[in-house]
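> Take this structure first; my questions come after.
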Amino acid sequence: MKSLFLLVLIAGLGWWKLIFPQEPTINASFKPGQIWADADGQHINAHGGGILYHKGKYYWFGEHKTAGKGGNRANVGVSCYSSTDLYNWQNEGIALPVAPENSGSEIEKGCVIERPKVVYNARTKKFVMWFHLELKGQGYNAARTAVAVSDSPTGPFTYLKSHRPNAGVWPQNFNAAWKTKTVTEKDLKAWSDEWKKEVAEGLFIRRDFEKGQMARDMTVYVDDNGKAYHLHAAEENLTLHISELTDDYLNFTGKWITVAPAGHNEAPAVCKYQGKYYLITSGCTGWDPNAARSFVSESMWGPWTPLGNPAVGQGAELTFESQSTFILPVAGKKDAFIFMADRWRPNNPIDGRYIWLPLSFENGKPVLRWQDEWKLNTFATAKK
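Using our numbering, the first residue of the sequence shown is number 30, and each one after it goes up by one.
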């Protein structure tokens, strides 16, 4: 009898949902690390993401993850969500779908697409997406960055090509004497002091000089004057590269520098505050969290000065169990920035969580403090 009653109750609840749809999810604050439901009540699926603000609306682009250990591969594509208040997000669908299996495309299903970033080019009126691309079946050996373009922020984006950046070009801050060195990896013991010194003096830059430099974790930054820069982990994740993009944001000009050679940084995120550029990165520990790092410079071309871990308080040694993905300037707020990070779930990637925290600046350094819940009124409203 109880079983029959439960069956009737369950069936009744199903019909109730069909006849009287559930109210859409309404969020009124940020709750880092908790399930973040979109307007349909589903956990937002936009990992490793970045945000574009365009004509009064925010667009969140990220990796569409799936369940299980294979969920970190690109099985669907790049997601897009939109919002007017940063709390509540509407699923806009897949902005860049993967190509079918066996299509021969560089972005066919089963490749790796990570950290998509979209910027708007005011000159061409195009939306430009860059992302880290690993070719299907090659693990993380391809180490490429790829670009796609669209007439609309929600897509569909058209895939153009992938790059090994800056082939045949030396970085601007490279010592001329290092160009002719002949020492190679086989001459050195990995991670020895001599090896680290040679990495800092261009060991991998020379190795990859003709075919182009490696490009893994990345972001794109557009400066106040419209000049765009591509920041990415290179040289086996040992050194960060900052490269200037062409005026249409679709290619590299060949002007680039190294940042923190042999420092083992990835996950770059950048912002500009009171005329200075601030960079937040992480160490390289796979999917496991570690202590963040930060840098400051008066120019994108450096020199970049290390400032230490921006996170403070309990959990700072692991950056609150997260890794940086983007720094978002908040429209209409004075000197307001949100630090965006992901708390990865490699065994079930679809369950990855988002860590959004207010980024403040104290004594010339970026500072992150944990908050269980917070609102945008943390920031002051900008004067008109």
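All C-beta atoms in this analysis are idealised placements derived from N, C-alpha and C, irrespective of residue type, glycine included. These numbers come from a predicted model, not from an experiment.
#1: Among the candidates Cys-109, Trp-285 and Lys-84, whose CA atom is the shortest distance from the CA of Lys-94?
#2: Rounded to whole angstroms, what is the Cα-Cα separation between Gly-283 and Thr-54?
#3: Measuring only the C-alpha atoms, how far is Ala-205 from Trp-199?
#4: In this structure, what does DSSP give as the bridge partners for Tyr-258?
#5: Would you kindly check if the distance between the Cβ of Gly-331 and the Cβ of Asn-202 is under 8 Å?
#6: For a minimum of 3 consecutive residues, which ranges assigned as the beta strand (DSSP E) are wholly contained in the segment 64-95?
#7: Check the DSSP bridge columns for His-192 and list the partner residues they point to.
#8: So, are the CB atoms of Trp-224 and Lys-218 less than 8 Å apart?
#9: With DSSP collapsed to three states, give me the class of Gly-122.
#10: Measuring straight from C-alpha to C-alpha, what distance separates Ala-151 and Met-247?
#11: Provide the residue span of the beta strand (DSSP E) that contains Ile-309, from first to last.
#12: Provide the residue span of the alpha helix (DSSP H) that contains Val-228, from first to last.
#13: Using CA coordinates, which residue listed in Pro-182, Ile-356, Ala-320 and Ser-328 is at the minimum distance from Val-107?
#14: Threshold first: 3 residues or longer. Then list the beta strand (DSSP E) segments lying entirely within the segment 133-157, N to C.
#15: Could you tell me the distance, in whole angstroms, from the CA atom of Trp-316 to the CA atom of Ala-296?
#16: Leaving aside the five residues before and after Leu-279 along the sequence, list all residues of the same chain whose C-beta is less than 8 Å from its C-beta, in chain order.
#17: Is the beta carbon of Arg-235 less than 8 Å from the beta carbon of Ala-262?
#18: Would you call the segment 382-394 and the segment 61-70 in contact, with 3 or more CB pairs under 8 Å?
#19: My output table needs one value for Trp-207: the three-state DSSP class, helix, strand or coil.
#20: When burial is assigned at 16 or more other CB atoms within 10 Å of the CB, is Gly-166 buried or exposed?
#21: In whole angstroms, give me the CA-to-CA distance for Phe-238 and Arg-193.
#22: Bridge partners for Met-369 per DSSP, in chain order?
#23: Is the segment 318-328 touching the segment 346-357 in the sense that three or more CB pairs, one from each, lie closer than 8 Å?
#24: How is the alpha helix (DSSP H) around Leu-232 delimited, first residue to last?
#25: In whole angstroms, give me the CA-to-CA distance for Lys-404 and Lys-138.
#26: From Val-414 to Lys-394, what distance separates their C-alpha atoms?
#27: So Ala-124 packs on Phe-90, CB below 8 Å; how close in whole Å?
#28: Can you give the Cα-Cα distance for Tyr-116 and His-259, rounded to whole angstroms?
#29: Quick one: is His-76 buried, meaning 16 or more other Cβ sit within 10 Å of its Cβ, or exposed?
#30: Who are Phe-324's beta bridge partners in DSSP?
#31: Within a Cβ cutoff of 8 Å, which residues of the same chain sit near Gln-71, ignoring the five residues on either side of it in sequence?
#32: Within the same chain, show all residues whose beta-carbon is closer than 8 Å to that of Phe-281, passing over the 5 residues directly before and after it, in chain order.
#33: Which partner residues of Pro-395 appear in the DSSP bridge assignment?
#34: Determine the direct distance from the alpha carbon of Ala-103 to that of Val-251, and round the result to whole angstroms.
#35: When we look at the beta-carbon of Trp-220 and count the other beta-carbons within 10 Å, is it buried (16 or more) or exposed?
Short version:
#1: Cys-109
#2: 47 Å
#3: 9 Å
#4: Tyr-250 and Glu-273
#5: yes
#6: 76-83 and 86-92
#7: Thr-174
#8: yes
#9: strand
#10: 22 Å
#11: 305-311
#12: 222-229
#13: Pro-182
#14: 141-150
#15: 12 Å
#16: Val-157, Val-176, Val-178 and Leu-189
#17: no
#18: yes
#19: helix
#20: exposed
#21: 10 Å
#22: Phe-355 and Trp-385
#23: yes
#24: 232-236
#25: 38 Å
#26: Summary: the structure shown does not reach residue 414, with the chain confined to residues 30 through 413, and so no result is reported for it.
#27: 6 Å
#28: 28 Å
#29: buried
#30: Leu-308 and Pro-335
#31: Asn-120
#32: His-192, Pro-194, Asn-195, His-259, Ser-272, Glu-273, Leu-274 and Thr-275
#33: Phe-390
#34: 27 Å
#35: exposed
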